[in-house]
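A short worksheet on the structure shown next.
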Amino acid sequence: MENAAPTPRDRRTIVVIGASTGGPRTLEMIFSRFPLVDAAVVVVQHMPRYINSGLCRHLAETSRMEVRVVEDGDAVEHGTIYVAPSDVHLKFVGNRRLALFDDEKVRYARPSIDIAMTSLEPNGADRFVGVILSGMGDDGAGGIRHIKAIGGATFAQALPTCAIHAMPRAAFETGRVDRMLPPEEIREEIIRIAGTL
1 MENAAPTPRD RRTIVVIGAS TGGPRTLEMI FSRFPLVDAA VVVVQHMPRY
51 INSGLCRHLA ETSRMEVRVV EDGDAVEHGT IYVAPSDVHL KFVGNRRLAL
101 FDDEKVRYAR PSIDIAMTSL EPNGADRFVG VILSGMGDDG AGGIRHIKAI
151 GGATFAQALP TCAIHAMPRA AFETGRVDRM LPPEEIREEI IRIAGTL
């Protein structure tokens, strides 16, 4: 029996945001007055473990979305911001669940933005958005290539608004970033693409 066409209920808009140094402040700007959007948003922020709960609390105070630190096996649900925990990698499983696993650092980072983004699977129904914010190194550049290759929208933080330019610059240099935008305009693009609930 052939697979039935996906119904609207089966479809997901999945937004993956990668950030490092300077990211928490930028994330607060993006999610300030953020409505309940018809998307799952996964934040992969390079940070010490003790910041995890504090970042979630700050984002929850400014957004109408539910915000939580990812636990292994979490379902990917619309209306939720998932924050990747420190010291473990995160990947999508069939775009519907999140898995955590311990492995070597990638480009000195764990969680790796590239691992999270490249685990997204094209399926003809889901929509994808990849965003790279302020940070050191080039984590996320490979992920941006992947998201663009599977038909997603890609954005990077405008360099004058970054605390550290390296990550958004590396993403831009792939030639696969749709637009370089300040945080407030990144927020508007996510809302425009995802729509509200």
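Per full-length UniProt numbering: the sequence shown = residues 1 to 197.
Note that the Cβ used here is the ideal one computed from N, Cα and C, for glycine as well.
Being a predicted model, the structure only gives us computed values, none of them experimental.
Residues bridged to residue i [DSSP beta-bridge criterion]
i, result
"E66", "T80"
"V93", "R97"
"G151", "For G151, which the question treats as bridged, DSSP gives no partner whatsoever."
"L181", "Q157"
"I132", "G18, A156"
"A170", "Answer is none; A170 lacks a bridge partner."
"V88", "None; V88 has no bridge partner."
"residue 205", "Because residue 205 is not part of the residues shown, which for the chain are 1 to 197, the question remains open."
Same chain only: Cβ atoms within 7 angstroms of residue i, ignoring 5 sequence neighbours per side
i, result
"R110", "D87, V88, H89"
"N95", "R12, I14, V76, L120, E121, N123, D126"
"F172", "A156, M180"
"D114", "V106, D139, G140, G142, G143"
"residue 199", "The question about residue 199 has no answer here: the residues shown for the chain are numbered 1 through 197."
"T26", "A19, L133, S134, Q157, P183"
Contact set for residue i: own chain, Cβ-Cβ below 6 angstroms, skip 5 residues either direction
i, result
"E188", "none"
"F92", "S119, L120"
"K148", "T154, R176"
"Q45", "A19, G23"
"I30", "P183, I186, R187"
"V42", "V16, Y82"
Distance between residue j and residue i (C-alpha atoms, nearest Å)
i, j, result
"R49", "H78", "25 angstroms"
"S20", "M47", "7 angstroms"
"A60", "Q157", "22 angstroms"
"G22", "S53", "17 angstroms"
"I132", "T174", "12 angstroms"
"G151", "F128", "7 angstroms"
"V106", "S112", "6 angstroms"
"E98", "G18", "The residue you asked about is not Glu; residue 98 is Leu in the sequence shown. Going from the Cα of L98 to the Cα of G18 covers about 16 angstroms."
"D103", "P183", "31 angstroms"
"D74", "P168", "28 angstroms"
"R57", "V83", "11 angstroms"
"R145", "Y108", "20 angstroms"
"G195", "D38", "6 angstroms"
"G137", "I191", "28 angstroms"
"D178", "D72", "32 angstroms"
Option in the options with minimal Cα separation from residue i
i, options, result
"T161", "E185, G195, L197, A116", "E185"
"C81", "A153, I30, A40", "Strictly speaking, residue 81 in this sequence is Ile, with Cys absent from that position. Per the Cα distances, A40."
"L159", "M180, G140, D139, G175", "M180"
"F34", "V67, R145, A99, V44", "V67"
"I51", "I190, P85, G130", "P85"
"L197", "E28, L36, S32, R25", "L36"
"F101", "Y108, H58, V70", "V70"
"G130", "G137, M136, A116", "A116"
Contacts around residue i, its chain only, beta-carbon distance under 8 angstroms, and the 5 residues preceding and following it disregarded
i, result
"H165", "S134, L159"
"T62", "E28, F31, S32, R33, F34"
"A5", "Legend: pLDDT at A5 = 47, less than 50; position of this residue unreliable, no value from coordinates given."
"R64", "F34, P35, L36"
Minimum length 3: unbroken beta strand (DSSP E) runs contained in the stretch 21–69: Complete beta strand (DSSP E) runs here, min 3: 40–45, 66–69.
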